[in-house]
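Student:
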Amino acid sequence: MAHVFFGYFAGMIAITSILVVALRNPVYSALSLLVMFFHVAGLYVTLHAEFLAAVQVIVYAGAILVLYLFVVMLLNVKRDDRYHSQWRIAAFVCIPLSIEFLVLLSGNMEAANHQPVSLLVEPHAADNTLAIGQTLFSTYLFPFEVASLILLVAMIGAIVLAKRDIGENETKDMTRAPGAQ
Amino acid sequence: MTVPVSYYLILSAIVFLTGVVGVLIRRNIIAILLSVELMLNATNINFVAFSDHLQDLGGQVFVFFALTVAAAEVAVGLAIIIALHRSKSTINVEEFNLLKW
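Residue numbers (this note's numbering), protein chains in the order written: chain U, -11 to 169; chain H, 731 to 831.
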């Protein structure tokens, strides 16, 4: 049963991730990425990571993808007719990677299938969210604070970058303000 | 009964390679950012698979952090795209050659 679920989710993830790259229209790419995110969330559920599955749907599918679609439609992007002209460099990078992948695939994968070594926290406890919260706020408390700082910096950076010419607008407003009154 | 962890490694290798190919061959800068998201998701699948395999919650916490970084990356990246589109009115990466040698 677990194999059936894994096969379905893995197949859909692989197909939709290839579609993300292959489709020319950015809106279709973003929509197939949305399908992929939902299937990754399903894969997380089969891996006993229910909290991450919920977060995957809420943050990736709910926030990040909406942001992408918003920008695609804001910029009114037309479909690009051909791929990048540096496909030779792409082939030069990707063919060795694919060969490595095949070599690893044909090699002995049993080395990765050791028995579990450590039982620090019990992930199969009744409440996955509770266990993650306890780990996050005890062992990983400092990285958690740093993550909040990253979000703050990203928010300020996005506002500053996307705002239309801050200095110009202010001076324009100041010169316009007396005339308007 | 349980799926071996090597299957998850293969899946995430496929997704990661797709992302690398997408970053290298697409000309639309939004599609390039979407391919970066593919690569981040490939690493996340690995993290969660090993978290389940080793019975250690650290992997899931790291996925949480990767998600934070992905959200920040998307916000800043899309802001840069909007600024680029405003100055050049295109989002084709071949037009942005100011920093090329």
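Virtual Cβ for every residue (Gly too), placed ideally from N, Cα, C.
Can you check which of these residues, H:Val806, H:Val778, H:Val735, is closest to Leu139 of chain U by C-alpha distance?
Tutor: Mapped onto the first sequence, residue 139 of chain U falls at position 151. Looking at the Cα atoms, H:Val806 is the closest of the given residues.
Student: Can you tell me where the alpha helix (DSSP H) holding Val735 of chain H begins and where it ends?
Tutor: Counted from its first residue, the second sequence places residue 735 of chain H at position 5. From DSSP, the alpha helix (DSSP H) with Val735 of chain H extends over 735 to 755.
Student: Could you give the C-beta distance for Phe39 of chain U and Asn116 of chain U, rounded to a whole number, given that I count them as a contact under 8 Å?
Tutor: Looking up residue 39 of chain U in the first sequence gives position 51. Looking up residue 116 of chain U in the first sequence gives position 128. About 5 Å separates the two Cβ atoms, so the contact holds.
Student: Under 8 Å: do the region 744 to 753 of chain H and the region 44 to 53 of chain U share three or more Cβ pairs, one atom per stretch?
Tutor: No, because fewer than three Cβ pairs between the region 744 to 753 of chain H and the region 44 to 53 of chain U fall closer than 8 Å, the two stretches do not touch.
Student: Relative to the C-alpha of Asn64 of chain U, which candidate in H:Ala802, H:Ile811, H:Val804 has its C-alpha closest?
Tutor: Within the first sequence, residue 64 of chain U is the residue found at index 76, counting from 1. Cα-wise, what sits closest to Asn64 of chain U is H:Ile811.
Student: Give the straight-line distance between the Cα atoms of Val15 of chain U and Leu55 of chain U, rounded to the nearest whole angstrom.
Tutor: Position 27 of the first sequence, counting from 1, holds the residue named residue 15 of chain U. Position 67 of the first sequence, counting from 1, holds the residue named residue 55 of chain U. Going by the C-alpha atoms only, they are around 12 Å apart.
Student: Quick one: using the 10 Å Cβ neighbour count with 16 as the cut-off for buried, is Glu767 of chain H buried or exposed?
Tutor: In the second sequence, residue 767 of chain H corresponds to position 37, counting from 1. Glu767 of chain H should be labelled buried.
Student: Are there 16 or more other CB atoms within 10 angstroms of the CB of Ile6 of chain U, so buried, or fewer, so exposed?
Tutor: By 1-based counting over the first sequence, the position of residue 6 of chain U is 18. That one is buried.
Student: So, do the region 772 to 781 of chain H and the region 791 to 803 of chain H have three or more beta carbon pairs nearer to each other than 8 Å?
Tutor: Touching, per the Cβ criterion.
Student: For the alpha helix (DSSP H) that contains Phe(-7) of chain U, what are its first and last residues?
Tutor: The count along the first sequence starts at 1 and reaches residue -7 of chain U at position 5. Phe(-7) of chain U -> alpha helix (DSSP H) spans -10 to 10.
Student: Is Ala800 of chain H near the ligand FMN, going by C-beta to nearest heavy atom under 7 Å?
Tutor: Of the ligands one can find in the structure shown there are none, so the ligand FMN has no counterpart to examine.
Student: Tell me the rounded alpha-carbon separation between Pro734 of chain H and Leu747 of chain H.
Tutor: Along the second sequence, read from residue 1 onward, the residue named residue 734 of chain H stands at position 4. Along the second sequence, read from residue 1 onward, the residue named residue 747 of chain H stands at position 17. If I take the Cα positions, the gap works out to 21 Å.
Student: Is Ile52 of chain U buried or exposed, if buried means 16 or more other CB atoms sit within 10 Å of its CB?
Tutor: The count along the first sequence starts at 1 and reaches residue 52 of chain U at position 64. Buried is the call here.
Student: Smallest Cα separation from His36 of chain U: which of U:Val148, U:Val9, U:Ser20, U:Ala(-10)?
Tutor: Along the first sequence, read from residue 1 onward, the residue named residue 36 of chain U stands at position 48. Residue U:Ala(-10) is the option with its Cα nearest to His36 of chain U.
Student: Counting along the chain, where does the alpha helix (DSSP H) carrying Arg816 of chain H start and finish?
Tutor: To locate residue 816 of chain H, count along the second sequence from 1; it is residue 86. 788 to 818 is the span of the alpha helix (DSSP H), which, as asked, contains Arg816 of chain H.
Student: Chain H partners of Ile6 of chain U, CB-CB under 8 Å?
Tutor: Here residue 6 of chain U corresponds to residue number 18 of the first sequence, with the count starting at 1. By Cβ distance, chain H contributes Thr748.
Student: Any idea what DSSP makes of Ile821 of chain H, helix, strand or coil?
Tutor: As a first step, residue 821 of chain H is located in the second sequence; it is residue number 91 there, counting from the start. Looking at Ile821 of chain H - three-state DSSP - the assignment turns out to be coil, as it is neither helix nor strand.
Student: In whole angstroms, what separates the C-alpha of Lys818 of chain H from that of Ala42 of chain U?
Tutor: Within the second sequence, numbered from 1, the residue matching residue 818 of chain H stands at position 88. Within the first sequence, numbered from 1, the residue matching residue 42 of chain U stands at position 54. Computed Cα separation, rounded: 39 Å.
Student: Among H:Arg757, H:Ile740, H:Thr732, H:Glu803, which residue has its Cα nearest to the Cα of Gln74 of chain U?
Tutor: The residue given as residue 74 of chain U occupies position 86 in the first sequence. The residue with the shortest Cα to Cα distance from Gln74 of chain U is H:Arg757.
Student: Under a CB-based cut-off of 8 Å, is Tyr32 of chain U close to chain H?
Tutor: To locate residue 32 of chain U, count along the first sequence from 1; it is residue 44. With 8 Å as the cut-off, Tyr32 of chain U counts as an interface residue toward chain H.
Student: Note down, in chain order, all residues in the region 137 to 149 of chain U with a beta-carbon under 9 Å from any beta-carbon belonging to chain H.
Tutor: Ile138, Leu139, Val141, Ala142, Met143, Gly145, Ala146, Ile147, Val148, Leu149
Student: Grouping DSSP H, G and I as helix and E and B as strand, with all else coil, what is Asn758 of chain H?
Tutor: To locate residue 758 of chain H, count along the second sequence from 1; it is residue 28. Strand, per DSSP.
Student: Below 8 Å CB to CB, which residues in the same chain sit around Glu824 of chain H once its five sequence neighbours on both sides are set aside?
Tutor: What you label residue 824 of chain H is simply residue 94 of the second sequence in a count that begins at 1. Once the five neighbours on either side are set aside, the close Cβ partners of Glu824 of chain H are Arg757.
Student: Less than 8 Å between CB atoms is the rule here; does Leu828 of chain H satisfy it with respect to chain U?
Tutor: By 1-based counting over the second sequence, the position of residue 828 of chain H is 98. Not an interface residue.
Student: Given a limit of 8 Å on CB to CB distance, which residues of the region -8 to 20 of chain U reach chain H?
Tutor: Taking 8 Å as the cut-off between beta carbons, the residues of the region -8 to 20 of chain U near chain H are Phe(-6), Ala(-2), Ile1, Ala2, Ser5, Ile6, Val8, Val9, Pro14, Ser17, Ala18, in sequence order.
Student: Ordered along the chain, which non-local residues of its own chain (more than five positions away) have a Cβ less than 8 Å from that of Leu739 of chain H?
Tutor: Looking up residue 739 of chain H in the second sequence gives position 9. These residues qualify, in order along the chain: Asn776, Ala779.
Student: Taking CB distances under 8 Å as the criterion, tell me whether Glu767 of chain H reaches chain U.
Tutor: On the second sequence, position 37 is the one that residue 767 of chain H refers to. For Glu767 of chain H, the answer is yes, since a Cβ of chain U falls inside 8 Å of its Cβ.
Student: Of the residues that make up the region 776 to 801 of chain H, which ones have a beta carbon closer than 8 Å to any beta carbon in chain C?
Tutor: Protein chains in the displayed structure are U and H, and chain C is not among them.
Student: With the cut-off set at 8 Å, would you say Leu62 of chain U and Ala18 of chain U are in Cβ contact?
Tutor: The count along the first sequence starts at 1 and reaches residue 62 of chain U at position 74. The count along the first sequence starts at 1 and reaches residue 18 of chain U at position 30. For Leu62 of chain U and Ala18 of chain U, no; Cβs fall outside 8 Å.
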